[in-house]
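Numbering of the sequence shown is given in our numbering, commencing with residue 4 and proceeding in unit increments.
The C-beta atom is built at its ideal place from N, Cα and C for all residues, glycine as well.
None of these values were measured; they are calculated from a predicted model.
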Amino acid sequence: MSKVLTVCGKNIGKNNFIFIAGPCAVESEEQIIKIAKSLKKTGVDFLRGGAFKPRTSPYDFQGLGKDGINMLIKAKKETGLPVITEITDVREIEYFKDVDIIQIGARNQQNYELIKEVAKTKKPILLKRGFACTLSELLMSAEYAVSEGNSKVILCERGIRTFESETRNTLDVSAIPILKSKSEFPVIVDPSHASGKRELVLPLSLSAVGAGADGLMIEVHDEPEKAIVDGAESLNIKEFNGLYKKVNKMLTAVDKKRN
Ligand code: PEP
Ligand code: MN
Numbered sequence: 004m005s006k007v008l009t010v011c012g013k014n015i016g017k018n019n020f021i022f023i024a025g026p027c028a029v030e031s032e033e034q035i036i037k038i039a040k041s042l043k044k045t046g047v048d049f050l051r052g053g054a055f056k057p058r059t060s061p062y063d064f065q066g067l068g069k070d071g072i073n074m075l076i077k078a079k080k081e082t083g084l085p086v087i088t089e090i091t092d093v094r095e096i097e098y099f100k101d102v103d104i105i106q107i108g109a110r111n112q113q114n115y116e117l118i119k120e121v122a123k124t125k126k127p128i129l130l131k132r133g134f135a136c137t138l139s140e141l142l143m144s145a146e147y148a149v150s151e152g153n154s155k156v157i158l159c160e161r162g163i164r165t166f167e168s169e170t171r172n173t174l175d176v177s178a179i180p181i182l183k184s185k186s187e188f189p190v191i192v193d194p195s196h197a198s199g200k201r202e203l204v205l206p207l208s209l210s211a212v213g214a215g216a217d218g219l220m221i222e223v224h225d226e227p228e229k230a231i232v233d234g235a236e237s238l239n240i241k242e243f244n245g246l247y248k249k250v251n252k253m254l255t256a257v258d259k260k261r262n
């Protein structure tokens, strides 16, 4: 059973279920504020948005960097939504002062020096599973934060690489109860990166709730067809609102509640 972690007044873990939502990447101030306002209205707990984007190709959009973080902070000020964004390198750490949860992405799950430096900030960390990492490797990575005196870690199952090519990754549903039985960290699920396909985001979200996840992180864009990054897996606001309602209905069946 996970311990309860409280971030910006929101309880995460045990019987408390959270929603993190937002675009893959912060694209402009106007975009992130517009999406944040809609998500606030829906009732999400945290706003996500990538500013430092770890892209497979160096020629693709790399994110707005420090300016992107400032836009996210502006959206936080406008809506009151706490924010989460990814760090890709220790040299970026100074820009994360007003960020509420620092994300360490799949590609950096085993970047122990980065984990240790982020842990020293004392901020909560969302640690995503590497796509070729075992659950014990994920738990050991989390220990790098704990060993620096920071146990405010949330684990995230975001799909692993398998031979299946219909989906971007394969959601490892069994990771949820296993991680929860082996540790006290809250475990959330990212069905967007796990599938790469918007039509799979709802069914995977429901399966995650059924398996005992403590929250979801979903990519949402006001105009997914125009998204610079990951449009194919992004939900529009209306689709997200539908998912939000369905997931909430299911929470009572698994004894979870919303903050
Ligand atoms: C993300 O959440 O923006 C992201 C890049 O995810 P992952 O590290 O899981 O690929
Ligand atoms: Mn993405």
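### Query
With L84 and A39 assumed to form a contact (beta carbons below 8 Å), what rounded beta-carbon distance in angstroms separates them?
For this step, residue 84 is matched to residue 81 along the sequence shown. For this step, residue 39 is matched to residue 36 along the sequence shown. Confirmed, about 6 Å.
### Message
Mapping the DSSP letters down to three states, classify I105 as helix, strand or coil.
### Response
Start at 1 with the first residue of the sequence shown, and residue 105 comes out as number 102. It is a strand residue.
### Query
Is DSSP giving F243 helix, strand or coil here?
As a first step, residue 243 is located in the sequence shown; it is residue number 240 there, counting from the start. Reduced to three states, the DSSP call for F243 is helix.
### Task
Could you please give the first and the last residue of the uninterrupted beta strand (DSSP E) stretch that includes G52?
Taking the first residue of the sequence shown as position 1, residue 52 is located at position 49. Here G52 belongs to no beta strand (DSSP E), and DSSP marks it neither H nor E.
### Query
Can you list, in chain order, every residue whose CB sits closer than 5 Å to a heavy atom of ligand 2?
C27 and D233
### Task
On a CA-only basis, which of I179, T124, A230 and E140 is nearest E151? Give me that one, please.
In the sequence shown, the residue the question calls residue 151 occupies position 148. Nearest C-alpha to E151: T124.
### Sufficient close CB pairs (3 or more, under 8 Å) joining the region 212 to 226 to the region 183 to 190
Output reads yes: the region 183 to 190 touches the region 212 to 226.
#### Entry: Residue closest to C159, alpha-carbon to alpha-carbon, out of N172, R132 and F166
Start at 1 with the first residue of the sequence shown, and residue 159 comes out as number 156. Among N172, R132 and F166, the Cα nearest to that of C159 belongs to R132.
### Task
Can you grab the Cα-Cα spacing for the pair F263 / I72, in whole Å?
Lying outside 4 to 262, the shown extent of the chain, residue 263 is not represented and no answer is given.
### Query
Can you name, in chain order, every residue of its own chain whose Cβ lies under 8 Å from the Cβ of M253, other than the five neighbours on each side?
As a first step, residue 253 must be located in the sequence shown, where it is residue number 250. Same-chain partners within the cutoff: L209, V212 and G213.
### Task
Alpha carbon to alpha carbon, how far is N251 from F99? Give it in angstroms, no decimals.
As a first step, residue 99 is located in the sequence shown; it is residue number 96 there, counting from the start. As a first step, residue 251 is located in the sequence shown; it is residue number 248 there, counting from the start. C-alpha separation (whole angstroms): 31 Å.
### Task
Below 6 Å CB to CB, which residues in the same chain sit around V239 once its five sequence neighbours on both sides are set aside?
On the sequence shown, position 236 is the one that residue 239 refers to. This sequence places Asn at residue 239; Val is not what is there. Answer for N239: P227, listed in chain order.
### Task
Using 10 angstroms around the beta-carbon of Y62, count the other beta-carbons present and answer buried if the total reaches 16, otherwise exposed.
For the purposes of this step, residue 62 is taken as the residue at position 59 of the sequence shown. Burial call: exposed.
### Message
Less than 7 Å separating the Cβ of H224 from some heavy atom of ligand 1?
### Response
Counted from its first residue, the sequence shown places residue 224 at position 221. Not so, every heavy atom of ligand 1 lies at least 7 Å from the Cβ.
### Test item: CB-CB of I107 and L130 under 8 Å
Looking up residue 107 in the sequence shown gives position 104. Looking up residue 130 in the sequence shown gives position 127. Against a cut-off of 8 Å, the Cβ pair of L130 and I107 comes out as a contact.
### Cβ-based burial, V47 [other Cβ within 10 Å; buried from 16]
For the purposes of this step, residue 47 is taken as residue 44 along the sequence shown, with counting starting at 1. Its Cβ being crowded by 16 or more others within 10 Å, V47 is buried.
### Task
Take V223 and list the residues in its own chain whose beta-carbon comes closer than 7 Å to its own, dropping the five residues that flank it on each side.
Residue 223 sits at position 220 when you count from the first residue of the sequence shown. Closer than 7 Å at the Cβ level, and outside the excluded window around V223, lie A24, G25, P26, I38, L42, S237, L238, I240 and F243.
### Query
Thinking C-alpha only, which one of N19, R51 and N14 is nearest E30?
On the sequence shown, position 27 is the one that residue 30 refers to. Checked all of N19, R51 and N14; the closest Cα to E30 is R51.
### Message
Which residue marks the beginning of the beta strand (DSSP E) containing V212, and which one marks its end?
### Response
Here residue 212 corresponds to residue number 209 of the sequence shown, with the count starting at 1. V212 -> not in any beta strand (DSSP E); alpha helix (DSSP H) instead, spanning R201 to G213.
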